[in-house]
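The listed protein sequences derive, respectively, from chains A and B.
Just so we're aligned: 85 in our numbering is position 85 of the first sequence, and the numbers increase by one with no gaps anywhere.
Heads up, our numbering is the position in the second sequence plus 117, with the first residue counted as 1.
We put the beta carbon where it would ideally sit given N, CA and C, even for glycine.
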Amino acid sequence: NAGVTQTPKFRILKIGQSMTLQCTQDMNHNYMYWYRQDPGMGLKLIYYSVGAGITDKGEVPNGYNVSRSTTEDFPLRLELAAPSQTSVYFCASSYLLGRTDDTGELFFGEGSRLTVL
Amino acid sequence: GENVEQHPSTLSVQEGDSAVIKCTYSDSASNYFPWYKQELGKGPQLIIDIRSNVGEKKDQRIAVTLNKTAKHFSLHITETQPEDSAVYFCAASGGGTSYGKLTFGQGTILTVHP
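Following this line, the structure appears as structure tokens:
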């Protein structure tokens, strides 16, 4: 298992540009999440999905969009990039809650470092 | 919404010593409290978690305690080793379908000196 894979690992954008951060998982997890991590801060939830076709906002969704067309993929779209979106972005996944063996653990990718200049 | 405060922001110990990291939370409805370890250039990884119906949980050198009345929980690492050096995050969320909607603390940089 590769786990959670994010691409790209690094990207520099100019103000106003758009891009998509890709995330895929091969663990057949129903739940997927996007978090951002700013320097010296904890992670903040941007968007999450409980299954294909279902997405919902987290704590800091402004300036982002997501889609979930398959169980495996959960891309994060940045429209009109702004310097405030300079951050490290983490995708994560977890099991469908309610299973007897569910621990609640989130499995994180290695992150995508985005700089907006 | 939930707010999680974590202290200290940095912690330096000698190998073999114990390390304690403390967190407080604001939402009394929170009932799931995981701890994640993040090594340089990696994503966070769960090391231990506790649910509100349990006051203490231990896994080898790592233990977590929870005081729901005071709304605080702590991570204890005994017999620290250099490989324990990392950033540690506490987090909180509600139960049920909200397990993964975590509110994280600001993180603690733990350095273990050989």
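For this session: Kindly list the residues whose CB is nearer than 6 Å to the CB of B/D144, restricted to its own chain and excluding five residues on each side of it in sequence; keep chain order.
Result: Excluding residues within five positions, the ones whose Cβ falls inside 6 Å are E119.
Exercise. Taking Cβ-Cβ distances below 9 Å as the criterion, which residues of the region 138-161 of chain B are in contact with chain A?
Worked result: Listed in sequence order: Y149, P151, Y153, Q155, G158, K159, G160, P161.
Problem set entry | Within chain B, partners of A/S94 - CB distance below 9 Å | Y216, G217, listed in chain order.
Exercise. A/D38: which of A/G104, A/V88, A/G111 sits nearest, CA to CA?
Worked result: Nearest of A/G104, A/V88, A/G111 to A/D38, Cα basis: A/V88.
Exercise. List, in order along the chain, the chain B residues whose C-beta lies closer than 7 Å to that of A/M41?
Worked result: Listed along the chain, the chain B residues whose CB falls inside 7 Å of the CB of A/M41 are Q223.
Problem set entry | Where B/E173 falls: helix, strand or coil (DSSP) | The answer is strand: DSSP assigns B/E173 an E or B state.
Exercise. What's the call for B/P231, buried or exposed, on a 16-neighbour Cβ count within 10 Å?
Worked result: When all chains shown are included, B/P231 counts as exposed.
Exercise. Does B/G211 come within less than 8 Å of chain E when only Cβ atoms are used?
Worked result: Note that chain E does not occur in the displayed structure, where the protein chains are A and B.
For this session: Determine, using beta carbons only, whether A/L78 and A/G63 come nearer to each other than 8 Å.
Result: For the pair A/L78 and A/G63, the CB atoms are nearer than the 8 Å cut-off.
Exercise. By the 10 Å Cβ neighbour count, where 16 or more other Cβ atoms means buried, how is A/D26 classified, buried or exposed?
Worked result: Around the C-beta of A/D26, fewer than 16 other C-beta atoms lie within 10 Å, and the residue is accordingly described as exposed.
Exercise. Name the chain A residues whose beta carbon is nearer than 8 Å to that of B/G118?
Worked result: Listed along chain A, the residues sitting closer than 8 Å to B/G118 by beta-carbon distance are E59.
Exercise. To which residues of the same chain is A/G58 closer than 7 Å at the C-beta, ignoring the five residues directly before and after it?
Worked result: The residues are L45, I46, Y47, Y48.
For this session: Classify A/Q6 as helix, strand or coil using the three-state DSSP reduction.
Result: Note: A/Q6 maps to strand in three-state DSSP.
Problem set entry | Best match in A/D56, A/L117, A/Y35 for proximity to A/A82 [C-alpha to C-alpha] | Comparing Cα-Cα distances from A/A82 to each of A/D56, A/L117, A/Y35, the minimum goes to A/L117.
Exercise. Is the shortest distance between the beta-carbon of A/L114 and the beta-carbons of chain B less than 8 Å?
Worked result: Not a single CB atom of chain B sits nearer than 8 Å to the CB of A/L114.
Exercise. Can at least three beta-carbon pairs, one atom from the region 156-166 of chain B and one from the region 119-139 of chain B, be found at a separation below 8 Å?
Worked result: Short answer: they don't touch.
Exercise. By DSSP, does A/S67 sit in helix, in strand, or in coil?
Worked result: Coil, per DSSP.
For this session: Spell out whether any CB of chain B is found under 8 Å from the CB atom of A/G53.
Result: Against chain B, the CB of A/G53 has no partner CB under 8 Å away; the residue lies outside that interface.
Problem set entry | Segment limits, beta strand (DSSP E) that includes A/D56 | That run of the beta strand (DSSP E) goes 54-57.
Exercise. Hey, out of A/S84, A/L106, A/M41, whose CA is closest to A/L13's CA?
Worked result: Relative to the Cα of A/L13, the nearest Cα in the group A/S84, A/L106, A/M41 belongs to A/S84.
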